[in-house]
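Numbering (full-length UniProt numbering), first residue to last: 1 to 323. Taking it in order: structure first as structure tokens, then the write-up.
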């Protein structure tokens with residue numbers, strides 16, 4: 001029986017290994033055979049995106065815009081979760097920014113305070129900004145939130161561009177699911193409907209008048225630019241880059257009406273640093289060469305060819321005038 005189990009395990013492992021090897025080959029081939037877009041907003045890198053030359057610009061714009069706005073949503077949630085970990089859930093809008101005396105005077109009550117209790121024991125830490133109720137989760141639950149935030153940020157980070165990893169909408173959804181799951185672990189009864197984190201999860205966020213609203217690009221207003229040309233939605237990508245799938249280009253996303261984005265510099269930032277380092281080293285070498293050409297040593301005694309002769313003749317250390 002034990003031998004049969006070992007054989008079965010060996011067979012399953014070998015089949016899994018074969019499947020993973022085939023998947024790796026397919027993934028490697030698909031990455032190699034697809035067009036790679038380095039998407040930027042202004043001068044800041046956003047994502048790498050894989051597609052085909054046959055894709056329509058309409059579809060391409062929708063896909064990239066969805067990922068771009070999805071990454072912004074993840075960032076907004078990740079910026080709010082530390083506040084949730086430190087000061088608990090959000091107060092109702094009519095209680096935010098008020099002092100305890102003002103709340104008592106107006107006879108206001110937070111109906112969600114007793115419902116939205118963190119898992120385990122709560123720790124009171126007053127929010128000086130008056131946005132949250134101060135009933136924070138314990139240290140163990142805080143660590144769950146912090147760790148999940150780091151993982152979600154890393155999954156859709158623009159550092160994936162340097163790692164040559166293409167970000168997909170599935171990765172954005174995975175980051176959101178991770179954050180949603182962590183919040184449910186810490187707050188099993190959920191968050192109040194007015195909490196900005198819950199509103200983000202339910203796509204009910206109100207960004208009016210905030211800096212974040214300036215970053216969001218509505219899908220119908222999104223434009224893609226490449227080589228100072230707007231990619232028209234009625235065309236296909238191959239109308240601009242040709243039919244070679246093994247292509248990598250830099251495209252920029254922005255709102256309609258903002259004009260053409262700035263052209264990419266001829267020399268990248270990394271290349272510029274290398275050039276500056278090269279010229280600095282060259283300058284230091286030239287300084288050393290100039291110091292080597294200095295002939296002041298000719299005035300030294302050791303460089304005088306007649307010094308030995310004068311020494312034998314007793315003509316050294318002769319001084320004129322009274323001593």
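Ideal Cβ placement from N, Cα and C applies to all residues, glycine included.
- Annotated three-state conformation of residue 253 is strand, per DSSP.
- With distances taken between CA atoms, residue 79 lies nearest to 148 out of 118, 148, 287.
- In terms of Cβ geometry, residue 82 and residue 186 do not form a close pair [threshold 8 Å].
- Per DSSP, residue 139 is not a residue of any beta strand (DSSP E); the alpha helix (DSSP H) it occupies stretches across 139-155.
- If you draw a straight line from the Cα of residue 94 to the Cα of residue 120, it is about 29 Å long.
- Boundaries of the alpha helix (DSSP H) around residue 102: 100-105.
- Scanning the stretch 175-238 from its first residue to its last, the whole alpha helix (DSSP H) runs of 4-plus residues come out as 196-201, 211-215.
- Going by C-alpha positions, residue 47 is about 40 Å away from residue 115.
- Straight-line measurement puts the Cα of residue 164 at about 53 Å from the Cα of residue 103.
- The residue from 99, 39, 71 with its alpha-carbon nearest to that of residue 155 is 71.
- Residue 57 is positioned such that its CB atom lies closer than 8 Å to that of residue 236.
- A residue is called buried once 16 or more other Cβ atoms fall within 10 Å of its Cβ, and residue 316, having fewer, is exposed.
- Scanning its chain for C-beta atoms nearer than 6 Å, with the 5 sequence neighbours on each side dropped, one finds around residue 153 the residues 78, in chain order.
- With distances taken between CA atoms, residue 42 lies nearest to 255 out of 310, 255, 280, 278.
- With fewer than 16 other Cβ atoms inside 10 Å of its own Cβ, residue 276 counts as exposed.
- At a Cβ-Cβ threshold of 8 Å, residue 176 and residue 74 count as neighbours.
- Contact between the stretch 215-226 and the stretch 254-270 is established, with three or more Cβ pairs separated by less than 8 Å.
- Note that the C-beta distance between residue 86 and residue 122 is not below 8 Å.
- Per the coordinates, the alpha-carbon of residue 140 lies some 12 Å from the alpha-carbon of residue 182.
- Separation of residue 111 and residue 171 (C-alpha to C-alpha, rounded to the nearest whole angstrom) is 36 Å.
- Residue 44: member of the beta strand (DSSP E) spanning 44-51, first to last residue.
- Residue 84 and residue 132 have their alpha carbons spaced roughly 8 Å apart.
- For residue 262, there is no enclosing beta strand (DSSP E), since its DSSP letter is neither H nor E.
- Here DSSP, grouped into helix, strand and coil, assigns residue 78 to helix.
- In this structure, DSSP gives residue 166 an extended state, which the three-state scheme calls strand.
- About 6 Å separates the CB atoms of residue 37 and residue 249; that is less than 8 Å, so the two are in contact.
- Going by beta carbons, residue 96 and residue 134 fall outside the 8 Å limit.
- Going by DSSP, residue 40 is part of no alpha helix (DSSP H) but of the beta strand (DSSP E) stretching over 35-41.
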